[in-house]
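Read in order, the letters of the sequence shown are residues 172 to 303 in the working numbering.
Heads up, the thing below is written out as structure tokens.
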Amino acid sequence: MDKFNVFVNVNKIHPGANALITFAYADYARKTEKMSDSQIIAEIMTHLRDIYGSKIPNPTSLLRTKWQSNENSFGANSYTAVSTKMQHFDDLAGEVNGKLCFAGEHTHKDYYSTVHGAYLSGLREADKIIGL
Ligand SMILES: Cc1cc2nc3c(=O)[nH]c(=O)nc-3n(C[C@H](O)[C@H](O)[C@H](O)COP(=O)(O)OP(=O)(O)OC[C@H]3O[C@@H](n4cnc5c(N)ncnc54)[C@H](O)[C@@H]3O)c2cc1C
């Protein structure tokens, strides 16, 4: 279920790129961070060969992200756990001493986890700073 179940053909956006993007989610995403490139390629190819047949070749290279262990992210984006309250998003958006302000998708309670949430939070904080 969480394993490489969507493929994006980059050629459609950048002709000649000859690249596919695929995704791993949740527990399986954490597991893949500990897998070698060749293990991941083997797993992905089982899915592609189900779709296109056993004769398709392996990719010539693999470029991968490791959102969970990357020290600048430690995860992909915020999500609401069972115990999450909408107030938590407002808490994260609270400024400190009228001097330190916070934007970011995790501070937007309507559009958390998205690019537009991040963007709108930046506009909100810019307005706040102008008003200070
Ligand atoms: C695989 C994936 C697919 C996604 N797909 C979509 C999608 O289709 N549509 C959508 O709307 N959203 C999508 N998102 C979510 C979207 O990318 C994020 O919600 C958005 O980028 C968050 O923006 P942000 O500015 O809040 O944080 P970020 O973009 O994470 O920016 C935070 C920045 O702070 C930097 N940083 C971290 N720590 C420090 C530090 N100590 N000092 C200095 N800098 C630091 C980081 O390097 C980073 O550049 C996706 C996310 C992922 C991971």
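Cβ coordinates follow ideal geometry from the N, Cα and C atoms, glycine included.
Exposure of Phe245, with buried meaning 16 or more beta-carbon neighbours within 10 Å: Position 74 of the sequence shown, counting from 1, holds the residue named residue 245. Exposed, because fewer than 16 other Cβ atoms sit within 10 Å of the Cβ of Phe245.
In DSSP terms, what Lys174 is bridged to: Here the question's residue 174 lines up with position 3 in the sequence shown. Answer by DSSP bridge pairing, in chain order: Ala195.
Limits of the unbroken alpha helix (DSSP H) element including Thr236: As a working note, residue 236 is residue 65 in the sequence shown. No alpha helix (DSSP H) holds Thr236; DSSP gives it neither H nor E.
Nearest to Ile215 (by Cα), restricted to the options Leu191, Asn241, Glu242 and Asp198: Here residue 215 corresponds to residue number 44 of the sequence shown, with the count starting at 1. Among Leu191, Asn241, Glu242 and Asp198, the Cα nearest to that of Ile215 is on Leu191.
Residues near Gly275 in its chain [Cβ-Cβ closer than 7 Å; skip 5 each side]: Locating residue 275 in the sequence shown gives position 104, counting from the first residue. Once the five neighbours on either side are set aside, the close Cβ partners of Gly275 are Ala289 and Ser292.
Val158 - partner residues in DSSP beta bridges: Nothing can be reported for residue 158, as the shown portion of the chain is limited to 172 through 303.
Local Cβ density within 10 Å of Ala252, reported as buried at 16 or more and exposed below that: Mapped onto the sequence shown, residue 252 falls at position 81. Its Cβ having fewer than 16 others within 10 Å, Ala252 is exposed.
Rounded distance between the beta-carbons of Ile227 and Leu219, thought under 8 Å: For the purposes of this step, residue 219 is taken as the residue at position 48 of the sequence shown. For the purposes of this step, residue 227 is taken as the residue at position 56 of the sequence shown. Yes, Leu219 and Ile227 are in contact; Cβ-Cβ is about 6 Å, under 8 Å.
Beta carbon nearer than 5 Å to a non-hydrogen atom of ligand 1: Asn243, Ala247, Asn248, Gly275, Glu276, Thr285, Val286 and Ala289
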